[in-house]
Amino acid sequence: MANTVIAQGITIEGEITADEDVVVQGTLRGKLLAKDAVSIEPGAVVEADVEAGSLAVSGQVTGNVSAADRVDLLAGGRLIGDVRAARLTIADGASFKGNVDMDV
Amino acid sequence: MTSGVKGTFDGGDEAVVGQSTRIRGRISGEGDLRVEGAIEGDVALAGTVLVAEGGSIEADVEATSLVVEGTVSGDVSVSDALAIRATGRISGIIRAAGVSIEEGASISGRVEAEFDMPEELTG
């Protein structure tokens with residue numbers, strides 16, 4: 001298990017740097033820099049800029065996000081902020097406000 | 001969620017700071033936390049904090065209980081039990097209701113544990 005999990009009930013205020021997968025179920029304010037997959041799960045509240053290898057959002061994110069590979073905004077997910085990624089999917093039932101830069 | 005933790009944690013979702021993760025900032029809330037990576041910032045949790053071997057916290061720690069197999073540099077305040085395992089290192093003031101220290105553990109600082117003296121000592 002090479003993983004970082006911010007479980008429900010936990011609040012982190014600050015900067016997280018991770019060279020491994022990160023799962024957020026709790027609250028994060030600050031900044032998240034991860035080389036691998038980041039998953040913002042239902043119930044999670046992220047008020048932070050997020051840089052990730054890939055990013056899946058089914059919780060709430062306020063902040064600019066960028067991913068080396070892809071960003072998936074899943075059903076129930078809510079993203080307010082700009083997205084920078086080569087690939088982006090927005091599922092039915094997701095909400096999004098912001099700009100998209102697909103590096104074209 | 002599955003995890004490799006045995007013993008001290010009693011189910012529920014457990015937070016993990018993985019081996020190659022560094023957190024600079026404050027961690028608070030309710031729940032158990034397993035630290036395999038590095039935390040530079042205060043930790044205040046209602047729950048069990050386990051600093052695994054190789055893990056480190058460079059700041060003050062407040063928790064219900066604490067198990068140290070790695071390194072803690074900062075003051076430690078534990079409302080229940082504190083266990084310092086053989087590989088554990090703490091530098092700072094330690095306050096806990098109960099403290100257990102394994103042979104091999106390293107402590108620099110002061111231990112302030114609350115306990116009743118046995119009758120033959122209090123006279």
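Chains as they are written, first to last, in the numbering used here: chain A, 1 to 104; chain B, 1 to 123.
The beta-carbon is built from N, C-alpha and C at its ideal position, and this holds for glycine as well.
Counting of Cβ neighbours within 10 angstroms places residue 80 (chain B) among the exposed residues, the total staying below 16. The residue from A:9, A:35 and A:14 with its alpha-carbon nearest to that of residue 3 (chain A) is A:35. Contact of residue 7 (chain A) with chain B is assigned, a C-beta pair being separated by under 8 Å. Not a single C-beta of chain B is nearer than 8 Å to the C-beta of residue 89 (chain A). Residues of chain A whose Cβ lies closer than 7 Å to the Cβ of residue 29 (chain B) are, in chain order, 9, 10, 11 and 26.
For the region 44 to 58 of chain B, residues whose beta-carbon sits nearer than 9 Å to a beta-carbon of chain A comprise 45, 46 and 47. Listed along chain A is no residue with a C-beta nearer than 7 Å to that of residue 73 (chain B); the closest approach is about 17 Å. Counting every other CB atom within 10 Å of its CB across the protein chains shown gives residue 121 (chain B) a total below 16, marking it as exposed. Of all residues in the region 52 to 63 of chain A, none comes within less than 7 Å of chain B when Cβ atoms are compared. A contact is defined here as three or more CB-CB pairs under 8 Å, and the region 34 to 53 of chain B fails this definition with respect to the region 44 to 58 of chain A. Following the DSSP letters along the chain, one finds residue 121 (chain B) in no beta strand (DSSP E) but inside the alpha helix (DSSP H) bounded by residues 119 to 122. Here residue 48 (chain A) has 28, 29, 30, 31, 32 and 63 as same chain residues with Cβ atoms under 7 Å from its own Cβ, once five neighbours each way along the sequence are excluded. At a cut-off of 8 Å, the C-beta of residue 16 (chain A) has a neighbouring C-beta in chain B. With the rule of 3 Cβ pairs closer than 8 Å, the region 76 to 96 of chain B counts as touching the region 43 to 63 of chain B. The beta carbons of residue 10 (chain A) and residue 27 (chain B) sit closer together than 8 Å. Taken in chain order, the members of the region 28 to 51 of chain A whose beta-carbon sits within less than 7 Å of a beta-carbon on chain B are 30.
Counting only residues of its own chain and dropping the five nearest sequence neighbours on each side, residue 18 (chain B) has a CB closer than 6 Å to the CB of 36 and 37. Each of B:39, B:113 and B:64 was checked against the Cα of residue 94 (chain B), and the nearest Cα belongs to B:113.
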